[in-house]
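In this note's numbering, the protein residues as written are 1014 to 1237.
Glycine included, each C-beta is placed from N, C-alpha and C at the ideal position.
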Amino acid sequence: MITLKRMLSLALVAFFSSALAQDYEPSRTASGKPDLQGYWTNASITTMQRARNLQEIGLVIPDNRVEELTAGNHQNVRQATDDNQVQGQLPDGTDLGRGRGYNAFWVDPGSQFGNVRGEYRSSWITYPESGRIPYSEQGTKLRRDAYAQFSGYGGPEGAQLAERCLIGFGSTSGPPMNSVLYNNMYQIVQTDDYVVILVEMVHDARIIPINGEHRPEAWEQWMG
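Pasting the structure below:
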């Protein structure tokens, strides 16, 4: 049974929380517009699709499983053990086969699950409940055909843009803006007419007009 004292405490918390929300004023630029500028990161071990080993967990990770699943995540295990694999071994080239050419020292994917409103998420996809993209037969064919066009090319011009570091790989510049192995920082800069999202990965920049006008159709851009 909830006591009167507890009920009053809850009422006071609700009242002051509501008052604080009403008094909140977002920071603004010199011209009076809401200020979106700053540095942000989306680094986390939460993935777009739910990992197979987390299927039984569901979307929200129970509080009593967060520590266990965080420690056992393959990225965190790799960060903790990668340098031990060739401890004391001379760099004779054979170590490259185990990833020493691009080992954990060089990556920074994040070490915690993404937190949304106080809940740790096992995937960014919330529906369907499986947390997996339900590709249709046509969608699967489109993906297969898209990958096929980059196989068997005879020169650098035929390689994917991300492979040539012309745009970030893994959809870091969006949409959607995914987190990847490293370079998961974003800087937002704005003027009176534009908001610019500068992506750390390959320094992609999305320039967004605030007035809502669309660019001419003839101006096709890699990032849409």
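Query                                                                                                                                                        : Result
Would you grab the beta carbon distance between A1117 and R1078 for me? Rounded to a whole angstrom, and I think it's under 8 Å.                             : Going by Cβ atoms, the distance from A1117 to R1078 rounds to 24 Å, so no, they are not a contact pair.
Cutting at 6 Å between CB atoms, please list the residues of its own chain near G1127, excluding the five before and the five after it.                      : S1057, T1059 and R1134
I'd like to confirm the pairing. Which residues does DSSP put opposite A1064 in its beta bridges?                                                            : Per DSSP, none; premise fails for A1064.
In this structure, how does DSSP classify G1183 when only helix, strand and coil are distinguished?                                                          : coil
So what does T1054 bridge to, in DSSP terms?                                                                                                                 : M1198
Check whether the region 1062–1069 touches the region 1186–1196, taking contact to mean three or more Cβ pairs, one atom from each stretch, closer than 8 Å. : no
Could you tell me which residues DSSP pairs with E1132 in its beta bridges?                                                                                  : V1129
What residue range is occupied by the uninterrupted beta strand (DSSP E) comprising V1212?                                                                   : Y1207 to V1212
In angstroms, rounded to a whole number, what distance separates the CA positions of D1158 and P1141?                                                        : 25 Å
Quick one: is W1232 buried, meaning 16 or more other Cβ sit within 10 Å of its Cβ, or exposed?                                                               : exposed
List the endpoints of the continuous alpha helix (DSSP H) containing A1218.                                                                                  : Premise fails: A1218 lies in the beta strand (DSSP E), A1218 to P1222, not in any alpha helix (DSSP H).
With three or more beta-carbon pairs closer than 8 Å as the criterion, would you say the region 1166–1173 touches the region 1200–1215?                      : no
Which of helix, strand or coil does DSSP assign to I1092?                                                                                                    : It is Gln, not Ile, that sits at residue 1092 in the sequence shown. Of the three classes helix, strand and coil, the one that applies to Q1092 here is helix, per DSSP.
Given a threshold of 16 other Cβ atoms within 10 Å of its Cβ, counted over all protein chains shown, does W1137 qualify as buried or as exposed?             : buried
Would you tell me roughly how many angstroms separate the C-alpha atoms of L1211 and M1236, rounded to the nearest one?                                      : 13 Å
I need the DSSP call for V1288, collapsed to helix, strand or coil.                                                                                          : The displayed coordinates of the chain run from 1014 to 1237. Any statement about residue 1288 would go beyond what the structure contains.
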